[in-house]
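In this note's numbering, the protein residues as written are 4 to 232.
Built from N, CA and C at the ideal position, the CB exists for glycine as well.
To start, the structure under review is shown below, and the notes come after it.
So this is what it looks like as structure tokens:
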């Protein structure tokens, strides 16, 4: 619950700032419930399921017997609790796999994200999810190169020109920074040379060129309806 609440605050914070500063319409705030309510319900459902798997375990008198029967009972109990506790606390899918599919301020690209699994996380830059982490050649985290507000990742040795995003951001009053990384592995990981990272560090868009920069930024700030992939 606490982790979900922190993400709620991060999601709402940048939207409130943009509206108050006149950089986005008030309708942008409607996306808060659209994005966060399904995630809260998802996380709550997983938490209840995990709690039931351990909390409903029945202790039997055989566990306290000083006998072969008691030893077998304790062995079975240990195996059960070990498996179920691992399911409850080893949850990279819950931690990193939350998505905003169907959000009005995310531009889809026609790809399908990996299946949502609580105990498994498959890194993907499919719009609407968390950007995959990677270590840079100089030892830094890729996340450390993200701007505090909007970031456009320009990836790969032959990345296309992205100046159109800088111009579109200036015209819209957005604080956007182009972050270039020439590592081909990053381009392959993100499956696109251009990736827009929102202020809450979620992928708002990815693509092959910057020809729709104005439309993309307009959609991601709530000024217009979602554009087609």
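If we count the other Cβ atoms within 10 Å of its Cβ and call it buried at 16 or more, is residue 223 buried or exposed?
Label assigned to residue 223: buried.
Hey, would you say residue 23 sits closer than 7 Å to residue 130, going by beta carbons?
When the beta-carbon positions are compared, residue 23 and residue 130 stay at least 7 Å from each other.
Residue span of the alpha helix (DSSP H) that contains residue 83, given as start and end:
In the DSSP annotation of this structure, the continuous segment of the alpha helix (DSSP H) that includes residue 83 starts and ends at 71-92.
For residue 187, which residues in the same chain have their Cβ closer than 8 Å to its Cβ, ignoring the five residues on either side in sequence?
Correct list, in chain order: 159, 160.
Counting along the chain, where does the alpha helix (DSSP H) carrying residue 219 start and finish?
Residue 219 -> alpha helix (DSSP H) spans 216-223.
Counted within 10 angstroms of its Cβ, other Cβ atoms place residue 2 as buried (16 or more) or exposed:
The first residue shown for the chain is 4 and the last is 232, placing residue 2 beyond what the model contains.
Could you have a look at residue 139 and say whether DSSP puts it in helix, strand or coil?
Coil.
Under DSSP, the alpha helix (DSSP H) around residue 238 begins and ends at which residues?
The question about residue 238 has no answer, for the chain in this structure spans 4 to 232.
Within 10 angstroms of the Cβ of residue 92, are there 16 or more other Cβ atoms? Answer buried if so, exposed if not.
Here residue 92 is exposed. Its C-beta has fewer than 16 other C-beta atoms within 10 Å.
Selection from 107, 123, 102, 136 that minimises the alpha carbon distance to residue 115:
Nearest C-alpha to residue 115: 102.
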